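Student:
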Amino acid sequence: MTVDESRWDAIVVGAGLGGLSSAAYLAAAGQRTLLLERYKVLGGFSHVFRRQGKWEFDIGLHYIGDCGPDGLTSRVLRGLALEERINFRRLDRDGYDIVLGPDFELKIPQDWDAYLDNLIAAFPKEERALRRYISIVRRLGSGVDRSRASASLRGEFGAWRHAGAAAAWRYVPHGALLTACGLSPRAIQVLSQYAGAYASAPTAAPSGLHAGFMDTFISGGAWYPEGGAQSLAANFADVILTHGGEIRTGASVAEIRIEGGQVCGVRLEDGEILHAPVVVSDIDIKKTYLDLVGRDHLPWRLARRVNRWKMATPYLGTYFGLELDLRQQRNANYYVIPSWEDATSVRNLSRIIPDLATDAQRRVPEEWARDHAARMPGMVFSGTTRDPGNSRSAPPGWGAVEVLSIVPPVGPVWGIEPEELADGSYSRSGRYQELKEILIEGMLDRVERVYPGVRPLVRFREAATAATHYRYTGTQSAAGLQLRPSQFGMFRPRSATPIRGLFLAGASTAWGPGTLGAMLSGMHAAGAILGRDLDAEIQAGLVLADRGRLGAYRDADPLRASRGFGRAVTESASGIR
1 MTVDESRWDA
11 IVVGAGLGGL
21 SSAAYLAAAG
31 QRTLLLERYK
41 VLGGFSHVFR
51 RQGKWEFDIG
61 LHYIGDCGPD
71 GLTSRVLRGL
81 ALEERINFRR
91 LDRDGYDIVL
101 GPDFELKIPQ
111 DWDAYLDNLI
121 AAFPKEERAL
131 RRYISIVRRL
141 GSGVDRSRAS
151 ASLRGEFGAW
161 RHAGAAAAWR
171 YVPHGALLTA
181 CGLSPRAIQV
191 LSQYAGAYAS
201 APTAAPSGLH
211 AGFMDTFISG
221 GAWYPEGGAQ
231 SLAANFADVI
241 LTHGGEIRTG
251 ASVAEIRIEG
261 GQVCGVRLED
271 GEILHAPVVV
281 SDIDIKKTYL
291 DLVGRDHLPW
301 RLARRVNRWK
311 MATPYLGTYF
321 GLELDLRQQR
331 NANYYVIPSW
341 EDATSVRNLS
351 RIIPDLATDA
361 QRRVPEEWAR
371 DHAARMPGMV
381 FSGTTRDPGN
391 SRSAPPGWGA
401 VEVLSIVPPV
411 GPVWGIEPEE
421 LADGSYSRSG
431 RYQELKEILI
441 EGMLDRVERV
451 YPGVRPLVRF
461 REAATAATHY
471 RYTGTQSAAG
481 LQLRPSQFGM
491 FRPRSATPIR
501 GLFLAGASTA
511 WGPGTLGAML
521 SGMHAAGAIL
531 GRDLDAEIQA
541 GLVLADRGRL
551 GAYRDADPLR
561 ASRGFGRAVT
571 ESASGIR
C-alpha cells in the first residue's frame, strides 16, 4: 500500500526539545508523525556547534536538574525507553554552581541546609534575614512536582497548598522578597544571579519561579549528559524515526492552515501543502499565533492576550577555545559578578538589567557595549569540565568555555535594521562587529576571573548575539515568554489552545523555560493530543516506545545523528548517522 507523504496524523513544527519530545511520544504511541525543522540541525537551543575541528560548544544546555532515578528528567526519558541510553554526570555536590565576585566566593551545594550554612558564612551579620529568606524559598520550591503542578489549575492550587504561609510570595517578584527579608544590597546581588539563567530581572521574576529553579538542582541534583548536549536531540530523533515518524530539516513553515476553526495542516515556504488534523508548535509563541496562524483566525480574547505578551530578554553567548586543560577542573559552573559598584543600593541594583538590556535601545551603541562589558554578570560554563570523556569538546590538554549574559533584542543599539536581520547582512556591518568585540572582551574578563591568567591561552573566540539566535532558530528569546507574575504559573499557556487541533510545546508554556521544562512540555502536549495522562502512566510503569526498535546509536556522533534529514528520512536512516 502506498503511503500518502502529504497526510499525517500529527505535524510538529520546530525541533527544539519540546518539539522533539512531543514528536517522539506521538510516534511511540502509533501516530504517524512528521517533524519539521527550519535549520539543518535538530535541537533548537540545545544543539551544539563545532569550530576548527577542535572545539564543541553548547548553545543553551549547560546543566539539567533532577536526573536521578526518581527525577523528572528520568521520567520523561523512561517513557521513551531512553533512560538507560542517556547517562548523566553529576556536577560537584558541594558546589555545582559557584558565585564569584571581587574577593568573594559562594558555593551552592546540592543540599538546602548546607546552602544556608554557606550563605551565613558569607554574610554572618545577616543570619536572621537569610534564615527567613531560605525558609520561604525552600517551602515554595521543595516537594512540588513541576510536571503535575504546571499541568492544570488543580496542580497549581496544589502547589499553593503545599507552600502553606509561604504561598503568599509565589507570584511576588523575587527582588521584592529579597528586600522584604531585610538583606543588604550585596547579599541581594549574590542571591539574584540566577536572573541570568531564566532571563528575567529580579524585579519581574516571581519568587515561585526562582524557588522552583533552585529546588530542581538543590534537591534533584545538577547533571550533564555524557557525550554532550546534542545526545538528547539525537536520541529523541531515534525514537521518532524507528516508530514510523519522519523528520525534515531545512523545512520552514509559512502557515498553519485553519479551516472552519480547525487545524488542517501546514504550508511550507516552498509552497508544499502537508495535511494533518493536529499541529504542535514548538517555535516562538508570538510568531506561531501572529504569523503562522494569523490574526484572522484568533479569537479576540486570545488576540488581545498575544498582543500583550512580552518576550524574555535575549542572551549573548561568547565562546572560547583555550590551550588550558579543563578536564581536571572542579565540575562546577560559575556566576561571575564583575564588581560591587552597583551594590551600593537596591535602587542601583535594580538598574543593571534595564541599563544593559531591557531599556538599552536608546543608548549610544559603543557606550552601551562598554558599560555592558564592565557591569553585566556572566555565567561561565565548560563542557570539557562537565564531560571530560567527550573528546569532541576539545583536544587533550585544552578546553572549551561558554559564557552567557543578557543583552537587548535586535534594535537601534545594535545598529541593525529589520531588513538586515531578515537577510543576514547585519553580520557584515563594521559597527556590529566592533560591538561584538567589545562584548567578547568583557566576557573574557569573566573567564579570567574563573581561570586567572587565561587570556594569553585563548586560541579561539566567537560570539552569538540575539541576531545570531534569530538567524538559526527563528526567535531571539531562548527563554520564551518573559517570566513575570502575569506570565507565570496559572497565567502561562498550557498545551491546548482555543484553536481545535493546535497544541503548544516549548519554553513559553507552563513547564518552561529550560531543558527539563521543554521536555516536559512536549510530553504533556502529546498527552493532550492522545487524551491520556502520560505523566501518571509513566509513573505507573508505562514505557511507550519499543526498546527493541531503537537504533545502534550509542557510540555514534550525536551531531551527525541530528543533521542532514532530507525529504523522507525514516527508520532506514536512523541509528548511526
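The opening position of the sequence shown corresponds to residue 1 in the UniProt record's numbering, with each subsequent residue numbered one higher.
For each residue, glycine too, the CB sits at the ideal point set by N, CA and C.
As the structure is a computational prediction, the values presented were derived from the model and not from experiment.
Is DSSP giving residue 56 helix, strand or coil here?
Tutor: Position 56 of the sequence shown, counting from 1, holds the residue named residue 56. The answer is strand: DSSP assigns residue 56 an E or B state.
Student: Return helix, strand or coil for residue 377, following the three-state DSSP convention.
Tutor: Indexing the sequence shown from 1 puts residue 377 at position 377. Reduced to three states, the DSSP call for residue 377 is coil.
Student: If distances are taken between C-alpha atoms only, which option among 135, 402, 345 and 517 comes closest to residue 113?
Tutor: Residue mapping note: residue 113 aligns to position 113 of the sequence shown, counting from 1. Selected option, being the one with the closest Cα: 135.
Student: Once the 5 residues before and after residue 39 are set aside, which same chain residues still bring their CB inside 6 Å of it?
Tutor: Locating residue 39 in the sequence shown gives position 39, counting from the first residue. Correct list, in chain order: 472.
Student: Looking only at its own chain, which residues have a Cβ that is under 6 Å from the Cβ of residue 119, when we skip the five neighbours before and after it?
Tutor: On the sequence shown, position 119 is the one that residue 119 refers to. For residue 119, where only same-chain residues beyond five positions count, the Cβ hits under 6 Å are 130.
Student: How many whole angstroms separate the CB atoms of residue 285 and residue 508, which I take to be in contact at a CB cut-off of 8 Å?
Tutor: One-based indexing of the sequence shown puts residue 285 at position 285. One-based indexing of the sequence shown puts residue 508 at position 508. The pair is a contact, with the Cβ atoms about 4 Å apart (cut-off 8 Å).
Student: Counting only the same chain and skipping the five closest in sequence on each side, list residues whose C-beta sits under 7 Å from that of residue 240.
Tutor: Residue numbering aside, residue 240 sits at position 240 when the sequence shown is read from its first letter. Correct list, in chain order: 23, 24, 27, 33, 35 and 247.
Student: Using only the alpha-carbon positions, how far apart do residue 422 and residue 536 sit?
Tutor: As a working note, residue 422 is residue 422 in the sequence shown. As a working note, residue 536 is residue 536 in the sequence shown. Looking at the two C-alpha atoms, the distance is approximately 44 Å.
Student: Cα-Cα, which of 326, 139, 480 and 433 is closest to residue 464?
Tutor: Translated into the one-based positions of the sequence shown, residue 464 becomes position 464. Nearest of 326, 139, 480 and 433 to residue 464, Cα basis: 433.
Student: Measure from the alpha carbon of residue 360 to the alpha carbon of each residue in 540, 271 and 413, then state which is nearest.
Tutor: Translated into the one-based positions of the sequence shown, residue 360 becomes position 360. If we check each option's Cα against that of residue 360, 413 comes out closest.
Student: What is the DSSP secondary structure of residue 8, reduced to helix, strand or coil?
Tutor: Here residue 8 corresponds to residue number 8 of the sequence shown, with the count starting at 1. Three-state DSSP puts residue 8 in coil, outside helix and strand.
Student: Mind checking whether residue 499 and residue 275 have CB atoms under 8 Å apart?
Tutor: Reading the sequence shown from its first residue, position 499 is the one you call residue 499. Reading the sequence shown from its first residue, position 275 is the one you call residue 275. No, the Cβ-Cβ distance between residue 499 and residue 275 is not below 8 Å.
Student: Confirm, please, whether the CB-CB distance from residue 166 to residue 156 is below 8 Å.
Tutor: Along the sequence shown, one-based indexing puts residue 156 at 156. Along the sequence shown, one-based indexing puts residue 166 at 166. Taking 8 Å as the Cβ cut-off, residue 156 and residue 166 do not qualify as a contacting pair.
Student: Look up residue 212 in the DSSP assignment and say whether it is helix, strand or coil.
Tutor: For the purposes of this step, residue 212 is taken as residue 212 along the sequence shown, with counting starting at 1. Reduced to three states, the DSSP call for residue 212 is helix.
Student: Rounded to whole angstroms, what's the CA-CA distance from residue 11 to residue 557? Just pull it up for me.
Tutor: The residue labelled residue 11 in the question sits at position 11 within the sequence shown. The residue labelled residue 557 in the question sits at position 557 within the sequence shown. Straight-line Cα distance between these residues: approximately 27 Å.
Student: Going by DSSP in three states, residue 445 sits in which element: helix, strand or coil?
Tutor: Taking the first residue of the sequence shown as 1, we reach residue 445 at position 445. Helix at residue 445.
Student: If we ignore side chains and look at the alpha-carbon of each, how far apart do residue 482 and residue 504 end up?
Tutor: By 1-based counting over the sequence shown, the position of residue 482 is 482. By 1-based counting over the sequence shown, the position of residue 504 is 504. Distance between the alpha carbons of residue 482 and residue 504: 16 Å.
Student: Measuring alpha carbon to alpha carbon, tell me which of 235, 497, 193 and 379 ends up nearest residue 519.
Tutor: For this step, residue 519 is matched to residue 519 along the sequence shown. Closest by alpha carbon: 235.
Student: Since residue 209 contacts residue 169 with CB under 8 Å, what's their CB separation in whole angstroms?
Tutor: Position 209 of the sequence shown, counting from 1, holds the residue named residue 209. Position 169 of the sequence shown, counting from 1, holds the residue named residue 169. Going by Cβ atoms, the distance from residue 209 to residue 169 rounds to 11 Å, so no, they are not a contact pair.
Student: Classify residue 273: buried if its beta carbon has 16 or more other beta carbons within 10 angstroms, exposed otherwise.
Tutor: The sequence position of residue 273 within the sequence shown is 273, counting from 1. Looking at its Cβ environment, which holds fewer than 16 other Cβ atoms inside 10 Å, residue 273 is exposed.
Student: Where does residue 476 land, buried or exposed, given buried means 16+ other C-beta within 10 angstroms?
Tutor: As a working note, residue 476 is residue 476 in the sequence shown. Buried, since its Cβ has 16 or more Cβ neighbours within 10 Å.
Student: Report the rounded CA-to-CA distance for residue 175 versus residue 52, giving the unit in angstroms.
Tutor: Position 175 of the sequence shown, counting from 1, holds the residue named residue 175. Position 52 of the sequence shown, counting from 1, holds the residue named residue 52. Computed Cα separation, rounded: 43 Å.
Student: Would you kindly work out how many angstroms separate the C-alpha atoms of residue 380 and residue 237, rounded to a whole number?
Tutor: In the sequence shown, counting from the first residue as 1, residue 380 sits at position 380. In the sequence shown, counting from the first residue as 1, residue 237 sits at position 237. So the alpha carbons of these two residues sit roughly 29 Å apart.
Student: Count Cβ pairs between the stretch 296–316 and the stretch 342–352 that sit closer than 8 Å; are there 3 or more?
Tutor: The stretch 296–316 vs the stretch 342–352: no contact.
Student: Across which residues does DSSP place residue 102 in a beta bridge pair?
Tutor: Residue mapping note: residue 102 aligns to position 102 of the sequence shown, counting from 1. Looking at the DSSP assignment, residue 102 forms no beta bridge with any residue, so it has no partner.
Student: Keeping to the same chain, check which residues put their C-beta closer than 7 Å to that of residue 230; ignore five residues upstream and five downstream.
Tutor: Within the sequence shown, the letter at position 230 stands for residue 230. Closer than 7 Å at the Cβ level, and outside the excluded window around residue 230, lie 43, 47, 48, 558, 559 and 562.
Student: Buried or exposed for residue 56, going by 16 or more other Cβ atoms inside 10 Å?
Tutor: Walking along the sequence shown from the start, residue 56 turns up at place 56. That one is buried.
Student: When burial is assigned at 16 or more other CB atoms within 10 Å of the CB, is residue 542 buried or exposed?
Tutor: Taking the first residue of the sequence shown as 1, we reach residue 542 at position 542. Result: exposed.
Student: Quick one, are the C-beta atoms of residue 583 and residue 391 less than 8 Å apart?
Tutor: Since the first residue shown for the chain is 1 and the last is 577, residue 583 is missing from the structure and cannot be characterised.
Student: Between 295, 444, 177 and 74, which lies nearest to residue 211 when the distance is taken from Cα to Cα?
Tutor: As a position in the sequence shown, residue 211 is number 211, starting the count at 1. Selected option, being the one with the closest Cα: 177.
Student: Please state whether DSSP places residue 275 in a helix, a strand or coil.
Tutor: Counting from one through the sequence shown, the residue named residue 275 turns up at place 275. Three-state DSSP puts residue 275 in a strand.
Student: Check residue 404 in the structure and name its three-state DSSP category.
Tutor: Stepping through the sequence shown from its first residue, residue 404 is reached at position 404. It is a strand residue.
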